[in-house]
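Asks: Got a structure for you, written out below as C-alpha coordinates; questions coming shortly.
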Amino acid sequence: MSSLIEPSQIAHEQDLVWLEDIDDLDYVRQSLDRLPTRRGKPAYHRDGRMVGYATLSPEARSSRASGTFLRRVFWLLPHDRDQQPRGLYASAAPSEAVDPRTLGTGVKGYKTERSEGGPPSDAMRELGIELPKS
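Be aware that the sequence shown starts at 1, since it is given in the UniProt record's numbering, and climbs by one per residue.
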(Lines of atoms letter the chains of each structure in order from A; the text may use other names.)
(Lines give C-alpha, C1' and ligand atoms only; values in the text may rest on other atoms or scores of the structure.)
Protein backbone atom coordinates (compact mmCIF):
# COMPACT_ATOMS: atom_id res chain seq x y z
CA MET A 1 0.00 0.00 0.00
CA SER A 2 1.28 3.45 -0.88
CA SER A 3 1.22 4.73 2.69
CA LEU A 4 3.50 1.88 3.70
CA ILE A 5 6.11 2.52 1.01
CA GLU A 6 9.25 3.89 2.60
CA PRO A 7 11.63 6.16 0.65
CA SER A 8 14.46 3.67 1.21
CA GLN A 9 12.45 0.96 -0.58
CA ILE A 10 12.23 2.99 -3.81
CA ALA A 11 15.56 4.84 -3.59
CA HIS A 12 17.16 2.80 -6.40
CA GLU A 13 14.43 3.34 -8.97
CA GLN A 14 15.85 4.27 -12.34
CA ASP A 15 12.69 4.81 -14.36
CA LEU A 16 8.91 4.53 -14.27
CA VAL A 17 7.52 2.82 -17.38
CA TRP A 18 3.91 3.58 -18.25
CA LEU A 19 1.94 1.14 -20.40
CA GLU A 20 -1.00 3.56 -20.73
CA ASP A 21 -1.45 7.30 -20.95
CA ILE A 22 -1.63 8.35 -17.30
CA ASP A 23 -3.19 11.71 -18.20
CA ASP A 24 -6.48 9.84 -18.65
CA LEU A 25 -6.30 8.15 -15.23
CA ASP A 26 -7.50 9.84 -12.04
CA TYR A 27 -5.60 7.32 -9.92
CA VAL A 28 -3.53 4.15 -10.11
CA ARG A 29 -3.02 1.53 -7.45
CA GLN A 30 0.60 0.95 -6.46
CA SER A 31 2.27 -1.92 -4.70
CA LEU A 32 5.77 -3.12 -3.95
CA ASP A 33 6.22 -6.53 -5.53
CA ARG A 34 9.08 -9.00 -5.11
CA LEU A 35 10.35 -9.58 -8.65
CA PRO A 36 13.20 -11.68 -10.02
CA THR A 37 14.85 -8.86 -12.04
CA ARG A 38 15.72 -5.17 -11.79
CA ARG A 39 14.39 -4.32 -15.25
CA GLY A 40 11.82 -5.39 -17.80
CA LYS A 41 8.08 -5.77 -17.71
CA PRO A 42 7.08 -7.99 -14.79
CA ALA A 43 4.53 -10.78 -14.99
CA TYR A 44 1.12 -9.66 -13.82
CA HIS A 45 -1.05 -11.98 -11.68
CA ARG A 46 -3.92 -9.78 -10.43
CA ASP A 47 -7.40 -9.17 -11.78
CA GLY A 48 -7.52 -6.05 -13.91
CA ARG A 49 -4.48 -4.72 -15.68
CA MET A 50 -0.97 -3.44 -15.08
CA VAL A 51 -0.60 0.18 -16.18
CA GLY A 52 3.06 0.70 -15.27
CA TYR A 53 6.10 -0.45 -13.33
CA ALA A 54 9.45 0.75 -12.00
CA THR A 55 12.88 -0.33 -13.15
CA LEU A 56 15.85 -0.35 -10.81
CA SER A 57 19.42 0.88 -11.15
CA PRO A 58 22.35 -1.59 -11.09
CA GLU A 59 23.05 -0.48 -7.48
CA ALA A 60 19.78 -2.04 -6.28
CA ARG A 61 20.50 -5.13 -4.20
CA SER A 62 18.40 -8.24 -4.12
CA SER A 63 17.02 -9.76 -0.95
CA ARG A 64 19.52 -12.11 0.68
CA ALA A 65 16.73 -14.52 1.57
CA SER A 66 14.89 -14.72 -1.76
CA GLY A 67 17.18 -13.19 -4.38
CA THR A 68 14.30 -10.97 -5.51
CA PHE A 69 14.06 -7.20 -5.91
CA LEU A 70 11.39 -4.87 -4.50
CA ARG A 71 9.84 -3.00 -7.43
CA ARG A 72 6.72 -0.90 -7.71
CA VAL A 73 3.92 -2.05 -9.97
CA PHE A 74 1.01 0.22 -10.89
CA TRP A 75 -2.35 -1.37 -11.68
CA LEU A 76 -6.13 -1.03 -11.84
CA LEU A 77 -8.95 -3.44 -11.09
CA PRO A 78 -12.07 -3.94 -13.23
CA HIS A 79 -14.25 -2.02 -10.74
CA ASP A 80 -11.98 1.06 -10.61
CA ARG A 81 -13.22 4.48 -11.73
CA ASP A 82 -11.73 4.38 -15.23
CA GLN A 83 -13.95 1.36 -16.07
CA GLN A 84 -16.91 2.04 -13.77
CA PRO A 85 -17.18 5.81 -13.29
CA ARG A 86 -20.49 5.43 -11.38
CA GLY A 87 -19.16 2.58 -9.26
CA LEU A 88 -17.66 2.15 -5.82
CA TYR A 89 -14.89 4.72 -6.40
CA ALA A 90 -16.91 7.46 -8.11
CA SER A 91 -16.09 9.91 -5.29
CA ALA A 92 -13.24 8.20 -3.44
CA ALA A 93 -10.15 6.13 -4.16
CA PRO A 94 -8.79 2.83 -2.81
CA SER A 95 -6.29 3.04 0.03
CA GLU A 96 -3.32 2.06 -2.19
CA ALA A 97 -4.26 4.54 -4.92
CA VAL A 98 -2.34 7.70 -5.80
CA ASP A 99 -2.64 10.32 -8.51
CA PRO A 100 -0.18 9.10 -11.19
CA ARG A 101 0.89 12.68 -11.94
CA THR A 102 2.42 12.88 -8.44
CA LEU A 103 4.67 9.85 -8.98
CA GLY A 104 8.32 9.92 -9.97
CA THR A 105 11.41 7.79 -9.62
CA GLY A 106 11.96 7.49 -5.90
CA VAL A 107 8.76 9.49 -5.19
CA LYS A 108 5.90 7.46 -3.73
CA GLY A 109 3.11 9.80 -4.88
CA TYR A 110 0.02 10.93 -3.04
CA LYS A 111 -3.71 11.37 -3.32
CA THR A 112 -5.09 14.59 -4.77
CA GLU A 113 -8.54 16.11 -5.12
CA ARG A 114 -8.68 14.55 -8.58
CA SER A 115 -7.75 11.06 -7.36
CA GLU A 116 -10.38 11.33 -4.61
CA GLY A 117 -13.14 12.06 -7.09
CA GLY A 118 -12.94 15.59 -8.38
CA PRO A 119 -12.76 17.36 -10.67
CA PRO A 120 -14.45 14.73 -12.84
CA SER A 121 -12.42 12.59 -15.23
CA ASP A 122 -13.02 12.66 -18.99
CA ALA A 123 -14.98 9.40 -18.70
CA MET A 124 -17.26 10.90 -16.05
CA ARG A 125 -17.82 14.06 -18.12
CA GLU A 126 -18.60 12.00 -21.25
CA LEU A 127 -21.25 10.06 -19.31
CA GLY A 128 -22.68 13.24 -17.82
CA ILE A 129 -21.87 12.12 -14.25
CA GLU A 130 -21.59 14.76 -11.57
CA LEU A 131 -19.82 14.18 -8.31
CA PRO A 132 -21.96 14.14 -5.18
CA LYS A 133 -21.96 17.43 -3.27
CA SER A 134 -20.28 17.12 0.12
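Just so you know, even glycine gets a beta-carbon here, dropped at the ideal spot from N, CA and C.
Just so we're clear, the structure is a prediction, and the values are computed from it rather than from any experiment.
What is the C-beta distance between I22 and R114, in whole angstroms, given that I count them as a contact (C-beta under 8 Å)?
Replies: Actually they do not touch by this definition, with Cβ atoms about 12 Å apart.
Asks: Look at the alpha carbon of L35 and the alpha carbon of D24, and state the distance between them as a whole number of angstroms.
Replies: Roughly 28 Å separates the two Cα atoms.
Asks: In the DSSP output, which residue or residues are listed as bridge partners for L56?
Replies: Paired residue(s): E13.
Asks: Looking at the secondary structure, which residues open and close the beta strand (DSSP E) in which D33 lies?
Replies: Where D33 is concerned, the enclosing beta strand (DSSP E) stretches over 28-35.
Asks: Is it buried or exposed, K108, if we count other Cβ atoms within 10 angstroms and call 16 or more buried?
Replies: K108 should be labelled buried.
Asks: Taking a contact to mean a Cβ-Cβ separation below 8 Å, would you say G48 touches W75 in this structure?
Replies: Taking 8 Å as the Cβ cut-off, G48 and W75 qualify as a contacting pair.
Asks: Taking the alpha carbon of L16 as the reference point, which residue from S8, T55, E6 has its own alpha carbon closest?
Replies: Of the listed residues, the one whose Cα sits closest to L16 is T55.
Asks: Compute the distance between the beta-carbons of A90 and K111, then report whether it is under 8 Å.
Replies: No, Cβ-Cβ distance for A90 and K111 is not below 8 Å.
Asks: Taking only three categories from DSSP, how would you classify R61?
Replies: In this structure, R61 counts as coil in the three-state DSSP scheme.
Asks: Could you have a look at L77 and say whether DSSP puts it in helix, strand or coil?
Replies: Three-state DSSP puts L77 in coil, outside helix and strand.
Asks: Quick one: is G52 buried, meaning 16 or more other Cβ sit within 10 Å of its Cβ, or exposed?
Replies: So G52 counts as buried.
Asks: As a quick exercise: from L32, Q84, A60, K41, pick the residue whose alpha carbon is nearest that of L4.
Replies: Of the listed residues, the one whose Cα sits closest to L4 is L32.
Asks: Is the Cβ-Cβ distance between A43 and G106 less than 8 Å?
Replies: No, the pair does not count as a contact, with Cβ atoms beyond the cut-off.
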